[in-house]
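Contents: one structure, followed by commentary.
Protein chains in written order, with the working numbering: chain A, 17 to 413; chain B, 195 to 293; chain C, 69 to 247.
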């Protein structure tokens, strides 16, 4: 294994390093808190000659992704980044990019959505866009952020996949937190990630009609292909991780990461950085002899329904922590997990915990409270299906 | 005229026959438009000043530039008559097909 | 795990100090660390917080540090008796002041140590920026990392001209409190 240099950097800086090591050829940039630092570092790398890339400053997020599509259509490795309102502003382009099968990699700094205006973290922005045809991965720490930027290019550019990848980092709790990150040499990353060879691209010698319209006799076939590509991504994600592990010694479990689930009676499902806090809570409760486990969902698309069903098949109560809510129903992660669970012979009671909206802190004590609720549900006691955790005031409920 | 040739469109039978995304070889003409026409434009080429307005205005690109005159490609002319309307010298007129 | 809260004003370098402590621990003592600012917009002069976590194993916890093992107060005007609540039991508060007699030594099992970091900063850096002096003081009273690591952290993160005075500030504050 090649030696890797240890850095002490924020999540944003880890992403910038990942983009650099991936030899990204075009970066389209429009700043938005809490993503800004990632773009600042990239522009500094370009200015200092550490990154040879076409760094395009654009006038909006809609333009950032539009320009990225143009660059990707030229067959170049392309990156952009956004957050919250910016992601929503480019929503139209998200569908366009996935329909165009352009393997763009985009960082999204998960942040709440106005109104009320908020720059703080939750996951309502990206979870509201699960249907836009992008592969969505959620990372837990800065090392995973760095590693997944590199893996995202390998996944997106695979000929069976050719689908853009959104790498989600929780705003502030990850984007602005400094921690150790091991960074392999450029040569080592080059050996893992060869240059992008676009199977289809703009080329004067072989002119193409790109991004045409399609009528009812053909449109559905293109959508079927997109679905097939997303399904094909499942084994590709596993292969890419296997190769990454062989090169760099790190692995994350593929679509999911089950932590202490084997004999767990109560399992909490998490997405993103809160997983780290939940690991600590699970360790503490395990020390008290409680059979609790944790299931981190890494990819929300393609959704790991089989893996989730398998990991939860012996649980006697399942909780899903959502940093989002679809008003009038429940958290989106909960909906997806329940849909996966109904295939199991025995479906345990499942509770939805809405937490961490708009940057509300989620502490170990909050996670412990969720496991208490699961203990009651496991014993057949009535429990609220959807509960807001850690509201600051009393309610009439 | 540099118009690409008309080619038969191979109808896809399997999903593999579709391109990856809505991108396909450019200049792929699968049909002629001549059948749409009830009248065809006729240009008085002797008096034509070669201003190229008809060439620019033709929505089908069916008017070709020649050395000092223009020429209608009747395989693709739909007979819309826009060229008649645009000609500043009134040197184009429509004639019924079959005459 | 050791948790530190840094309380200062925007522009005083409190977050930089929290990060320098992390750099020193991670890169020069082979420990694990996390450093993060109080999230959100920052204004020069407004009270702001920085946080550092240090441990011998990987840190997964990501919640706020509500109570620290150490609380570093970089401006005596920010001191209030309420700050004792920001410390864990047996925690230690480190306060920058030239007038220690105006502050209590302890509240129950929580102790207060003072240092005139402003004077040290003026002597070493030539500017009233106290963050590196407070870093040196914290290293002295806590022993979380070695003085050598703290100095290397400053040298790693700052340009040579800037690092010189700051290394002197770290060292002088360290010596004053470890005597």
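Glycine is no exception: its CB is placed at the ideal position from the N, C-alpha and C atoms. In this text, all values refer to a predicted model and were calculated from it rather than measured experimentally.
CA-to-CA distance, residue j to residue i, given in whole angstroms
i	j	result
residue 190 of chain A	residue 157 of chain A	6 Å
residue 106 of chain A	residue 100 of chain A	10 Å
residue 343 of chain A	residue 365 of chain A	21 Å
residue 277 of chain A	residue 297 of chain A	14 Å
residue 26 of chain A	residue 222 of chain B	51 Å
residue 235 of chain A	residue 23 of chain A	48 Å
residue 135 of chain C	residue 252 of chain A	45 Å
residue 235 of chain B	residue 206 of chain B	37 Å
residue 315 of chain A	residue 155 of chain A	9 Å
residue 193 of chain C	residue 112 of chain A	55 Å
residue 34 of chain A	residue 163 of chain A	7 Å
residue 324 of chain A	residue 59 of chain A	40 Å
residue 188 of chain A	residue 405 of chain A	20 Å
residue 327 of chain A	residue 334 of chain A	11 Å
residue 153 of chain A	residue 98 of chain A	15 Å
residue 186 of chain A	residue 258 of chain B	59 Å
Residue j beta carbon less than 8 Å from that of residue i
i	j	result
residue 183 of chain A	residue 161 of chain A	yes
residue 336 of chain A	residue 387 of chain A	no
residue 371 of chain A	residue 339 of chain A	yes
residue 115 of chain A	residue 214 of chain A	no
residue 134 of chain A	residue 375 of chain A	yes
residue 171 of chain A	residue 249 of chain A	yes
residue 267 of chain A	residue 309 of chain A	no
residue 380 of chain A	residue 131 of chain C	yes
residue 137 of chain A	residue 144 of chain A	no
residue 40 of chain A	residue 93 of chain A	yes
residue 149 of chain A	residue 193 of chain A	no
residue 175 of chain C	residue 201 of chain C	no
residue 225 of chain A	residue 227 of chain B	no
residue 221 of chain C	residue 91 of chain C	yes
residue 271 of chain A	residue 320 of chain A	yes
residue 275 of chain A	residue 312 of chain A	yes
residue 195 of chain A	residue 187 of chain C	no
Outcome for residue i when other beta-carbon atoms lying within 10 angstroms are tallied against a minimum of 16
i	result
residue 211 of chain C	exposed
residue 228 of chain C	exposed
residue 74 of chain C	buried
residue 218 of chain B	exposed
residue 238 of chain B	exposed
residue 233 of chain C	buried
residue 165 of chain C	buried
residue 228 of chain A	exposed
residue 155 of chain C	buried
residue 89 of chain A	buried
residue 102 of chain A	buried
residue 64 of chain A	exposed
residue 230 of chain C	exposed
residue 271 of chain B	buried
residue 246 of chain B	exposed
residue 236 of chain C	buried
residue 261 of chain B	exposed
residue 197 of chain B	exposed
residue 243 of chain B	exposed
residue 147 of chain C	buried
Residue-level contact to chain D via CB, residue i, 8 Å cutoff
i	result
residue 132 of chain C	Reference to chain D is not applicable here, since the protein chains of this structure are A, B and C.
Cβ-heavy atom distance, residue i to the ligand ATP, below 7 Å
i	result
residue 89 of chain A	Ligands in the displayed structure: none, and consequently the ligand ATP is not present.
Discussion item. Tell me which residues of the segment 78 to 103 of chain C have at least one Cβ-Cβ distance to chain A shorter than 8 Å, keeping chain order.
Written reply: 87, 90, 91, 94, 95, 100, 101, 102, 103
Worksheet entry | Inter-stretch contact (C-beta, 8 Å, three-pair minimum) for the segment 81 to 96 of chain C and the segment 113 to 121 of chain C | yes
Discussion item. Measuring CB atoms only, is the segment 43 to 55 of chain A touching the segment 74 to 82 of chain A, in the sense that at least three cross pairs come out at less than 8 Å?
Written reply: yes
Worksheet item: For the segment 203 to 215 of chain A, which residues have a beta carbon sitting closer than 9 Å to at least one beta carbon of chain B?
Response: 215
Worksheet item: When you check each C-beta in the segment 205 to 225 of chain B against every C-beta of chain A, which residues fall closer than 8 Å?
Response: 206, 209, 212, 213, 214, 215, 216, 217, 218, 219, 220, 221, 222
Discussion item. Check whether the segment 251 to 264 of chain A and the segment 119 to 130 of chain A are in contact - that is, three or more C-beta pairs closer than 8 Å.
Written reply: no
Fill in: Sufficient close CB pairs (3 or more, under 8 Å) joining the segment 199 to 215 of chain A to the segment 49 to 57 of chain A
no
Worksheet item: In chain order, what residues of the segment 161 to 177 of chain A put their CB closer than 7 Å to some CB of chain B?
Response: none
Practice prompt. Closer than 7 Å, Cβ to Cβ, to anything on chain B: give me those residues from the segment 225 to 238 of chain A, in chain order.
Written response: 225, 226, 227, 228, 230, 237, 238
Worksheet entry | contact_flag[the segment 205 to 220 of chain C, the segment 154 to 173 of chain C] where n(CB pairs < 8 Å) is 3 or more | yes
Item to complete: Residues of the segment 186 to 205 of chain C with a CB closer than 7 Å to any CB of chain A: list them in chain order, please.
Response: none
Worksheet item: Taking a cut of 7 Å between CB atoms, which residues from the segment 239 to 251 of chain A lie near chain B?
Response: 240, 241
Item to complete: Determine contact between the segment 384 to 399 of chain A and the segment 199 to 216 of chain B, defined as no fewer than three beta-carbon pairs at a distance below 8 Å.
Response: no
Worksheet item: Relative to chain B, which residues along the segment 310 to 323 of chain A have a C-beta separation below 9 Å, given in chain order?
Response: none
Worksheet item: Relative to chain A, which residues along the segment 158 to 182 of chain C have a C-beta separation below 7 Å, given in chain order?
Response: none
Fill in: Contact list for the segment 126 to 152 of chain C against chain A, Cβ threshold 7 Å
128, 129, 130, 131, 132
Worksheet entry | Near-chain B residues of the segment 117 to 128 of chain A - C-beta to any C-beta below 7 Å | 117
Worksheet item: Residues in the segment 374 to 387 of chain A with C-beta within 7 Å of chain C's C-beta atoms, listed in sequence order?
Response: 375, 377, 378, 379, 380
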